[in-house]
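Enquirer: So that we are looking at the same thing, I have put the structure below in structure tokens.
Numbering (UniProt numbering), first residue to last: 1 to 355.
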């Protein structure tokens, strides 16, 4: 700690990202990255963007990218905001829509960055316990009229609300913002973007990191009422007008256009997920129903910490959360078929060794 730290820095508890060890080569199933290549069209577009124009600032409005996103989802470009990853979109949303001392609610087991943003910005938070089956208790979010954040599918559980359940929450809270974080929606859920035309209190965020294989590029977006988007733009332009660089704009724009690649790779992830689940169940794992590019599972007798350590020792990284209710669960990102076969083989050996 330095004497120059502000009180905000002293009290902040930063987000803990998935480990990225450098000691040896691992099969990485711990950070929900897409195992499949980036769209060739996106690669070509990014290569073409590496030219003498890099001496110029990028378009601060991201006009072309916003237009492509708008066309894809059937909304107006003025209903689209683009940020440096969906994490930036979430951070700007906290600043744009919640005052210091305001209250927001979200599940007790969810994306841990919500806690970080709330603490950093002085927003009071209430964590609503998930049901015993780890589903979100929809009734406890109705008629609250305070800020609401829902990750759908939820992380790290992968459990997904239906569109009608999301609408029940949004429609019953007309005087407060409902932010639906859809980082994983392309792997099996139904997006709530269509509801943004009906409800001016709904903001939906998504990312290019997961289903479009662009985690290393950092592009996310939000869709909602034009006045919500204007608020996000005001925050962005009070911090950094150029959050998206020329290369990222080119790559993301081409990625949106390459529908064939997007559909093919997300389908592969879904098919692999559905193949792996029964294999885990045969090894005496309980697996939550997932609509994401990861699965959340626990063994009937071996602790999550033990499994995590044994897998890491054998060159496979998964995510373990040492938190109440989920300390025996592992979050396992869906890799390629070869990676998942290797994971299952090692896991079977570990389970046998504990019998």
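C-beta: ideal position from N, C-alpha, C; glycine also.
Nothing here was measured: the structure is a model prediction, and the numbers come from that model.
(1) What is the DSSP secondary structure of residue 312, reduced to helix, strand or coil?
(2) In the DSSP output, what is residue 96 paired with across the bridge?
(3) Pull up the distance between the alpha-carbon of residue 53 and that of residue 248, whole angstroms please.
(4) Residue 184: buried (16+ other C-beta within 10 angstroms of its C-beta) or exposed?
(5) So residue 176 and residue 201 are in contact, right, with Cβ under 8 Å, and what is the actual spacing, rounded?
(6) In chain order, what are the residue ranges of uninterrupted beta strand (DSSP E) at least 3 long that sit wholly in the region 244-300?
(7) With DSSP as the reference, identify every bridge partner of residue 27, one or two as the case may be.
(8) So, are the CB atoms of residue 158 and residue 55 less than 8 Å apart?
(9) Around the C-beta of residue 80, are 16 or more other C-beta atoms found within 10 angstroms, so that it is buried, or is it exposed?
(10) Exposed or buried, what is residue 259 when buried is set at 16 or more other beta-carbons lying within 10 Å of its beta-carbon?
(11) Which residue comes first and which comes last in the alpha helix (DSSP H) that contains residue 214?
(12) Can the beta-carbon of residue 38 be found closer than 8 Å to that of residue 268?
(13) Using beta-carbon positions only, say whether residue 195 and residue 167 come within less than 8 Å of one another.
(14) Ordered along the chain, which non-local residues of its own chain (more than five positions away) have a Cβ less than 8 Å from that of residue 137?
(15) Between the beta-carbon of residue 360 and the beta-carbon of residue 26, is there less than 8 Å?
(16) Out of 221, 197, 217, state which residue places its alpha-carbon closest to the alpha-carbon of residue 205.
(17) Output the boundary residues of the alpha helix (DSSP H) element that contains residue 119.
(18) One question on the structure: do residue 73 and residue 229 come within less than 8 Å of each other, judged by their Cβ atoms?
(19) How is residue 20 classed by DSSP in three states: helix, strand or coil?
(20) Identify, in the order they occur along the chain, each residue of the same chain with its Cβ nearer than 7 Å to the Cβ of residue 174, setting aside the five sequence neighbours on each side.
(21) Sorted by chain position, which residues of the same chain lie with C-beta nearer than 6 Å to residue 333's C-beta, five sequence neighbours on each side aside?
(22) Using only the alpha-carbon positions, how far apart do residue 13 and residue 306 sit?
(23) Taking 8 Å as the cut-off, decide whether the C-beta atoms of residue 97 and residue 121 are in contact.
(24) Three-state secondary structure (DSSP) at residue 181?
(25) Skipping 5 residues on each side, what residues in its chain have a beta carbon closer than 8 Å to that of residue 49?
(26) State buried or exposed for residue 239, treating a residue as buried only when at least 16 other CB atoms are found within 10 Å of its CB.
(27) When we look at the beta-carbon of residue 101 and count the other beta-carbons within 10 Å, is it buried (16 or more) or exposed?
(28) Sorted by chain position, which residues of the same chain lie with C-beta nearer than 6 Å to residue 225's C-beta, five sequence neighbours on each side aside?
(29) To test your reading of the DSSP string, which unbroken beta strand (DSSP E) runs of 3 or more residues are found completely within the region 32-116?
(30) Going by the CB atoms, is the gap between residue 266 and residue 211 shorter than 8 Å?
Expert: Checking against the coordinates, here is how it stands:
(1) By one-based count along the chain shown, residue 312 stands at place 312. Reduced to three states, the DSSP call for residue 312 is helix.
(2) The sequence position of residue 96 within the chain shown is 96, counting from 1. DSSP lists no partner for residue 96.
(3) Against the chain shown, residue 53 aligns to sequence position 53. Against the chain shown, residue 248 aligns to sequence position 248. Between residue 53 and residue 248, the C-alpha separation is close to 14 Å.
(4) The count along the chain shown starts at 1 and reaches residue 184 at position 184. Buried is the call here.
(5) Numbered from 1 along the chain shown, position 176 holds the residue referred to as residue 176. Numbered from 1 along the chain shown, position 201 holds the residue referred to as residue 201. Right, their Cβ atoms sit about 6 Å apart.
(6) 285-287, 294-299
(7) As a position in the chain shown, residue 27 is number 27, starting the count at 1. Its beta-bridge partners are 316.
(8) Working through the chain shown from its first residue, we reach residue 158 at position 158. Working through the chain shown from its first residue, we reach residue 55 at position 55. Not a contact, by the Cβ cut-off of 8 Å.
(9) The residue you call residue 80 lines up with position 80 of the chain shown. Flag for residue 80 reads buried.
(10) To locate residue 259, count along the chain shown from 1; it is residue 259. Exposed.
(11) Your numbering for residue 214 matches position 214 in the chain shown. Where residue 214 is concerned, there is no enclosing alpha helix (DSSP H), given that its DSSP letter is neither H nor E.
(12) Here the question's residue 38 lines up with position 38 in the chain shown. Here the question's residue 268 lines up with position 268 in the chain shown. Contact: no.
(13) Counted from its first residue, the chain shown places residue 195 at position 195. Counted from its first residue, the chain shown places residue 167 at position 167. The answer is yes: Cβ separation under 8 Å.
(14) Stepping through the chain shown from its first residue, residue 137 is reached at position 137. Answer for residue 137: 128, 129, 130, 131, listed in chain order.
(15) Past the boundaries of the shown model lies residue 360; the chain is included only from 1 to 355, so the question cannot be answered.
(16) By 1-based counting over the chain shown, the position of residue 205 is 205. Nearest of 221, 197, 217 to residue 205, Cα basis: 221.
(17) As a first step, residue 119 must be located in the chain shown, where it is residue number 119. Note, residue 119: alpha helix (DSSP H), 113-121.
(18) For the purposes of this step, residue 73 is taken as residue 73 along the chain shown, with counting starting at 1. For the purposes of this step, residue 229 is taken as residue 229 along the chain shown, with counting starting at 1. Against a cut-off of 8 Å, the Cβ pair of residue 229 and residue 73 comes out as no contact.
(19) Walking along the chain shown from the start, residue 20 turns up at place 20. Residue state, collapsed to three classes: coil.
(20) In the chain shown, counting from the first residue as 1, residue 174 sits at position 174. Excluding sequence neighbours, residue 174 sits near 201.
(21) Here residue 333 refers to the residue found at position 333 of the chain shown. Closer than 6 Å at the Cβ level, and outside the excluded window around residue 333, lie 29, 32, 294.
(22) Here residue 13 is taken as the residue at index 13 of the chain shown, counted from 1. Here residue 306 is taken as the residue at index 306 of the chain shown, counted from 1. In a straight line, the C-alpha of residue 13 is about 26 Å away from that of residue 306.
(23) One-based indexing of the chain shown puts residue 97 at position 97. One-based indexing of the chain shown puts residue 121 at position 121. Cβ distance not < 8 Å, so residue 97 and residue 121 don't count as in contact.
(24) If you number the chain shown from 1, residue 181 lands on position 181. Strand.
(25) Position 49 of the chain shown, counted from the first residue, corresponds to residue 49. Cβ within range, chain order: 246, 247, 249, 250, 251.
(26) If you number the chain shown from 1, residue 239 lands on position 239. Under this definition residue 239 is an exposed residue.
(27) Residue 101 sits at position 101 when you count from the first residue of the chain shown. It counts as exposed.
(28) One-based indexing of the chain shown puts residue 225 at position 225. Here the set comprises 200.
(29) 80-83, 103-107
(30) Reading the chain shown from its first residue, position 211 is the one you call residue 211. Reading the chain shown from its first residue, position 266 is the one you call residue 266. It is a contact, given that the beta carbons lie within the stated cut-off.
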